[in-house]
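Participant:
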Amino acid sequence: MRQWSGPLYAGIGMVLVGSQVAVSGVLADAPLFAVQALRYTLAAVVLFLVLRFTGRSVPAPRGREWVWLAGVALTGLVLFNVGVVRGVAHAEPAVIGVAVAAVPILLALVGPLLGQTRPTPAVVAAAVVVTLGAVLVTGGGRTDAAGLGYALLTLVCEAGFTLLAIPVLRRLGPHGVSLHAVWIAAVALWALSLAAEGPGAVGTLRAEHVPAILHLALGVTVVAFLLWYTAVGRMGPGRAGLFTGIVPVASAVGGVLLGGPVPGPVVWLGVAVVVAGVVLGMRPGPVRPLEVRTQTPAMTRVRESARRR
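Our numbering numbers the first residue of the sequence shown as 150 and each following residue consecutively.
(1) For the region 183-221, list the alpha helix (DSSP H) runs that are entirely contained and at least 4 residues long, ordered along the chain.
(2) So, for Arg458: in the same chain, excluding its five sequence neighbours on each side, which residues have a beta-carbon less than 6 Å away from its beta-carbon?
(3) Using the Cβ count rule (16 or more neighbours within 10 Å means buried), how would you classify Gln185?
(4) So, for Met431: in the same chain, excluding its five sequence neighbours on each side, which residues have a beta-carbon less than 7 Å away from its beta-carbon?
(5) Gln169 and Val369 - do their beta-carbons sit closer together than 7 Å?
(6) When you compare only the Cα positions, how much space is there between His239 and Ala219?
(7) Do Val172 and His329 have their CB atoms nearer than 7 Å?
(8) Between Val227 and Leu338, which are expected to be in contact by the criterion C-beta below 8 Å, what is the C-beta distance as a whole number of angstroms?
(9) Would you check if the distance between the CB atom of Gly246 and the CB atom of Tyr299 is smaller than 7 Å?
(10) Using only CA atoms, which one of Thr203, Pro360, Gly309 and Arg211 lies nearest to Ile254?
(11) Would you report the Cα separation of Ala294 and Leu301, rounded to the nearest angstrom?
(12) If I follow the unbroken alpha helix (DSSP H) through Arg383, where does it start and stop?
(13) Apply the 10 Å Cβ neighbour rule to Phe392 and answer buried if 16 or more other Cβ atoms are within range, or exposed otherwise.
(14) For Leu418, which residues from the same chain have a beta carbon less than 7 Å from its beta carbon, with the 5 sequence-adjacent residues on both sides left out?
(15) Going by alpha carbons, who is nearest to Ala350 out of Leu281, Asp178 and Ala222?
(16) Mind checking if Trp215 is an interface residue toward chain C, Cβ cutoff 7 Å exclusive?
(17) Should Leu406 be labelled buried (16 or more other beta-carbon atoms within 10 Å of its own) or exposed?
(18) Take Val372 and list the residues in its own chain whose beta-carbon comes closer than 7 Å to its own, dropping the five residues that flank it on each side.
(19) Can at least three beta-carbon pairs, one atom from the region 268-275 and one from the region 182-201, be found at a separation below 8 Å?
(20) How far does the alpha helix (DSSP H) with Val231 in it extend, from its first residue to its last?
(21) Determine the extent of the alpha helix (DSSP H) in which Glu307 is found, giving its start and end residues.
(22) Determine, using beta carbons only, whether Ala361 and Leu176 come nearer to each other than 7 Å.
(23) As a quick exercise: from Arg188, Gly174 and Gly413, pick the residue whose alpha carbon is nearest that of Ser342.
(24) Can Pro414 and Tyr378 be called in contact, C-beta distance under 7 Å?
(25) By how many angstroms is the C-alpha of Ala335 removed from the C-alpha of Gly296?
(26) Using 10 angstroms around the beta-carbon of Thr203, count the other beta-carbons present and answer buried if the total reaches 16, otherwise exposed.
Now the structure itself:
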């Protein structure tokens, strides 16, 4: 069962991320930074309570781990949202989507290096296939120079969400990385909201915004983050990265379920290519998991006792 838990967790996590399309329209007129700050604050509180009631102990970051966690929060959670929002002012949304679609290749090439292994040729090839399929699903679009810059920023930040977590994931675990990255992002976003939107931004939120924010906080952040980082630990970043190609597929399917038009043949061809790429990359072969450890109070006491001896 553990053999399939990684792909299952990665798939469900990316479907949840893709479900953001279901709430984007509802939050279109809401203050961006205030919404995101509230989202990550709620997520941090829920993560803390989950750890508290399940008896898990999250190691406190130390030394350079703070730098890696700050990198995860500021790139993958803060700058990513800035890049998307500012980018669509200069480029069609499809251009930003194409940039994000290239993430599997970055993870397949750079991820193993951070884990002190070599990229696997079969996984890199599968990542290229997944990216091509995701591009077909997302489509092309018009842009200007600024739009291309924001698209590149979005690509780097989306990859940073996973790559910058690798050096700390083994010791802190999925719960630790998620909790620390989320509260750091919340602090940064509250500062941005106060500076750019003013102290009354939260007061402009309406009742219909609440369910959307709860979905972002609980489903897209708490559940998806825990599933994703667990999958990265079990499969490695290269193979886990293949499942990021599911995001545009989930967005397209979600649009249809919400009453949108049925996608054309090119989109469905892209879906088939994404699936083929994931299957290609998941064929049996050498893979080095990160061996993420879950900390419990008992385990922590044993290790502390061993150190004293």
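Where a beta carbon is used, it is the ideal one built from N, C-alpha and C, also for glycine. Just so you know, these numbers come straight off a predicted model, no measurement behind them.
Facilitator: In this structure, then:
(1) 214-220
(2) Because the pLDDT at Arg458 is just 39, under 50, the model does not fix this residue reliably, and the value given afterwards should be weighed accordingly. The answer is none, since no qualifying residue turns up.
(3) buried
(4) Pro156 and Arg388
(5) yes
(6) 28 Å
(7) no
(8) 6 Å
(9) no
(10) Gly309
(11) 11 Å
(12) Ala373 to Met384
(13) buried
(14) Leu285
(15) Asp178
(16) The structure shown contains no chain C; it is built from a single protein chain.
(17) exposed
(18) Leu165
(19) no
(20) Phe229 to Gly236
(21) Ala294 to Leu312
(22) yes
(23) Arg188
(24) no
(25) 26 Å
(26) exposed
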